[in-house]
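Here the sequence shown is numbered in my numbering, starting from 17 and rising by one per residue.
The next block holds one structure in the form of structure tokens; read it before the comments.
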Amino acid sequence: MDIQFMKKALQYAKKCKVDVPVGAVIVKNGKVVGYGYNQKEVKQDATCHAEILAIQKASKKLKNFILEDCEMYVTLEPCMMCYGAISGARIAKVYFGAYNHKYPIVATVDHVASNHHTHYEGGILEEESTKLIQEFFKKLREKHDCDKNKDKT
17 MDIQFMKKAL QYAKKCKVDV PVGAVIVKNG KVVGYGYNQK EVKQDATCHA EILAIQKASK
77 KLKNFILEDC EMYVTLEPCM MCYGAISGAR IAKVYFGAYN HKYPIVATVD HVASNHHTHY
137 EGGILEEEST KLIQEFFKKL REKHDCDKNK DKT
């Protein structure tokens, strides 16, 4: 595990302007081979999660959808869809920052039978990852409150 790659994932998360700020990088032999950040709202596509976009870029670069010699660094615990994509890509290890306390997938589905087992480790730069997400939702709530107040006038 290399903390520098989680810092890189955080940099990608900060590129999110209207989406929940989540960033991901995929690393092979110490080099970034894929990256992504949430773009669901921007692209109006529910599958445009950071992890999915990073897998697509890494697969294209390596000319192979099997990424078993790779590690992923992502700022938020993967959701169910991303968990499936990570398993399908056979990524060896996933390091994530913030835990998804509302929908904890890794702890609840890690027992699912699969041809491949990915090692997950959470809490890497957890404070920074959590703060980024909390600030996003705080601004969203403030905007929502402002919009509600405008409707009353």
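Glycine included, C-beta positions come from ideal geometry on N, C-alpha and C.
Roughly how many angstroms separate the alpha carbons of residue i and residue j, rounded to a whole number?
| i | j | result |
| --- | --- | --- |
| valine 58 | asparagine 45 | 32 angstroms |
| lysine 118 | aspartate 61 | 22 angstroms |
| leucine 156 | tyrosine 99 | 27 angstroms |
| lysine 154 | glutamate 137 | 27 angstroms |
| glutamine 150 | valine 34 | 14 angstroms |
| isoleucine 102 | lysine 47 | 18 angstroms |
| isoleucine 19 | lysine 79 | 27 angstroms |
| phenylalanine 152 | lysine 159 | 11 angstroms |
Would you list the residues sitting across from residue i in a DSSP beta bridge?
| i | result |
| --- | --- |
| valine 38 | Beta-bridge pairing links valine 38 to no other residue. |
| histidine 65 | Answer is none; histidine 65 lacks a bridge partner. |
| phenylalanine 112 | Val90 |
| glutamate 137 | Tyr111 |
| valine 48 | Val43 |
Alpha carbons only, please: which of the options is nearest the one belonging to residue i?
| i | options | result |
| --- | --- | --- |
| alanine 25 | Ala101, Lys77 and Glu142 | Glu142 |
| glycine 52 | Val43, Lys73 and Val34 | Lys73 |
| glutamine 55 | Ile71, Lys77, Cys32 and Thr146 | Cys32 |
| cysteine 86 | Ala108, Glu93 and Gln20 | Ala108 |
| glutamine 27 | Val34, Glu144 and Asp18 | Glu144 |
| lysine 116 | Lys79, Val34, Val90 and Ile102 | Here the sequence assigns asparagine to residue 116, which means lysine is not the residue at that position. Nearest option by C-alpha distance: Val90. |
Taking 7 angstroms as the cut-off, decide whether the C-beta atoms of residue i and residue j are in contact.
| i | j | result |
| --- | --- | --- |
| methionine 96 | isoleucine 121 | yes |
| leucine 83 | alanine 105 | yes |
| methionine 88 | isoleucine 140 | no |
| threonine 146 | valine 110 | no |
| alanine 29 | leucine 148 | yes |
| lysine 77 | valine 49 | yes |
| phenylalanine 81 | glutamate 93 | no |
Check whether chain D comes within 7 angstroms of residue i, counting only Cβ atoms and requiring the distance to be less than that.
| i | result |
| --- | --- |
| aspartate 85 | Absent here is chain D; the protein component of the structure consists of one chain. |
Quiz item: When the Cβ atoms of the stretch 63-83 are set against those of the stretch 32-43, are three or more pairs found closer than 8 angstroms?
Solution: Taking 8 angstroms as the limit for Cβ pairs, the verdict is that the stretch 32-43 does touch the stretch 63-83.
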